[in-house]
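As structure tokens, this is what we get:
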């Protein structure tokens, strides 16, 4: 019987594309807390302030309950509380986090020590690099970050509008975690005034701090705003570009990666024979997805956003079996036909749209 290919996968990809902005309007936040009030749980999930009943609030210290409310004010799709004992080891909890939370989410920690902050940064970097996760971390004053998946908040002091008043900047981290997780994919972090704060203590040189990869709040005519919606990425090169310094770009990159990876894993991997026709069906489905998210203006609709067979990768992979001399005689069509074992080699070329942030208007008189 002939292999009938993949009738469902294009529908799934199109559906993901159509719903991209709607899904991207609310992300998942993970808040790590240290709390011995109730040791009967490690994880709790909340979707809104209404979930924090009086019974639920009794499970936390007053300060941690306030942090949880802060995150939920940002309206993330879901908040996962990851609790550790006051004398617990963060590394142990992070192992559990990896098995519990979705592959694409925001992670932060309340009242983290410098060592815990560095451990969280290392965990996120390693999870992205080695485990196909797309975690993003909101941390306070990390000693070393320089990564597109780490947002390094550094204001020394913030003034809350509530009775907390003036506090160390780290106290604002839970609220900012919820803000970034709940931010829509069609706008930058600079788009909204931050109504939570009366004022902030700014660094002496905003431009210098931003160029060092610091996420900074500043005072703007009686309002507090984000200076630049950036990650901590500073070092570029070898496939890492300046575009990846922007949170909005990284968010769309991670959504695309997650959509393609999870669809592949759930509906394609191991289910179809690895030959050219099936690979082209997969590519067609991915290109339909790209078209839909271009219609949603996550990708540039004026750019040719395409997935294709990775011809050079496939050519190199065939050398071990057929020899370099033989493979060098193949044209591109022949290389595409010569699939390699269980491997699917694809390339892609897309243009993600950033938000308009800088404005220059020259008027000649």
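In the working numbering, the protein residues as written are 516 to 880. Built from N, CA and C at the ideal position, the CB exists for glycine as well.
Which residues DSSP lists as bridging residue i, in chain order
i: residue 593; result: 543
i: residue 735; result: 738
i: residue 743; result: DSSP lists no partner for residue 743.
i: residue 785; result: The partner list for residue 785 (beta bridge, DSSP) is empty, contrary to what the question assumes.
i: residue 755; result: 752
i: residue 599; result: 549
i: residue 636; result: DSSP output for residue 636 lists no bridge partner at all.
Boundaries of the alpha helix (DSSP H) in which residue i is found, first to last residue
i: residue 794; result: 791 to 810
i: residue 714; result: Premise fails: residue 714 lies in the beta strand (DSSP E), 712 to 715, not in any alpha helix (DSSP H).
i: residue 587; result: 577 to 588
i: residue 554; result: Premise fails: residue 554 is in no alpha helix (DSSP H) and is neither H nor E.
i: residue 850; result: 847 to 852
i: residue 842; result: 839 to 842
First and last residue of the uninterrupted beta strand (DSSP E) at residue i
i: residue 623; result: 619 to 624
i: residue 695; result: Run containing residue 695: none in the beta strand (DSSP E); it sits in the alpha helix (DSSP H), 688 to 696.
i: residue 822; result: 821 to 824
i: residue 771; result: Where residue 771 is concerned, there is no enclosing beta strand (DSSP E), although the alpha helix (DSSP H) it sits in stretches over 762 to 782.
i: residue 727; result: No beta strand (DSSP E) holds residue 727; DSSP gives it neither H nor E.
i: residue 672; result: 672 to 675
i: residue 681; result: 681 to 683
i: residue 666; result: 665 to 668
Collapsed DSSP secondary structure at residue i in the structure displayed
i: residue 645; result: helix
i: residue 865; result: coil
i: residue 559; result: strand
i: residue 705; result: coil
i: residue 565; result: helix
i: residue 721; result: helix
i: residue 829; result: helix
i: residue 605; result: helix
i: residue 612; result: helix
i: residue 654; result: strand
i: residue 860; result: coil
i: residue 549; result: strand
i: residue 813; result: coil
Best match in the options for proximity to residue i [C-alpha to C-alpha]
i: residue 621; options: 769, 809, 577; result: 769
i: residue 828; options: 745, 840, 712, 854; result: 854
i: residue 672; options: 744, 681, 594, 579; result: 681
i: residue 765; options: 664, 596, 819, 659; result: 664
i: residue 700; options: 757, 762, 715; result: 762
i: residue 667; options: 675, 644, 569, 624; result: 624
i: residue 630; options: 615, 587, 657, 639; result: 657
i: residue 789; options: 826, 721, 858; result: 858
i: residue 694; options: 844, 831, 582, 557; result: 582
i: residue 712; options: 670, 752, 703; result: 670
i: residue 655; options: 692, 676, 645, 702; result: 692
i: residue 709; options: 803, 723, 690; result: 690
i: residue 598; options: 546, 862, 644; result: 546
i: residue 863; options: 716, 820, 628; result: 820
i: residue 803; options: 674, 647, 550, 774; result: 774
i: residue 592; options: 602, 560, 723; result: 560
i: residue 748; options: 739, 741, 740, 758; result: 758
i: residue 550; options: 626, 845, 719, 674; result: 626
i: residue 676; options: 717, 737, 718; result: 737
Status (buried if at least 16 other CB within 10 Å, exposed otherwise) for residue i
i: residue 834; result: exposed
i: residue 731; result: buried
i: residue 726; result: exposed
i: residue 687; result: buried
i: residue 868; result: buried
i: residue 729; result: buried
i: residue 842; result: buried
i: residue 824; result: buried
i: residue 753; result: exposed
i: residue 702; result: exposed
Residue i CB to nearest heavy atom of the ligand FAD below 6 Å
i: residue 644; result: Absence of the ligand FAD is noted for the structure shown, with no ligands found whatsoever.
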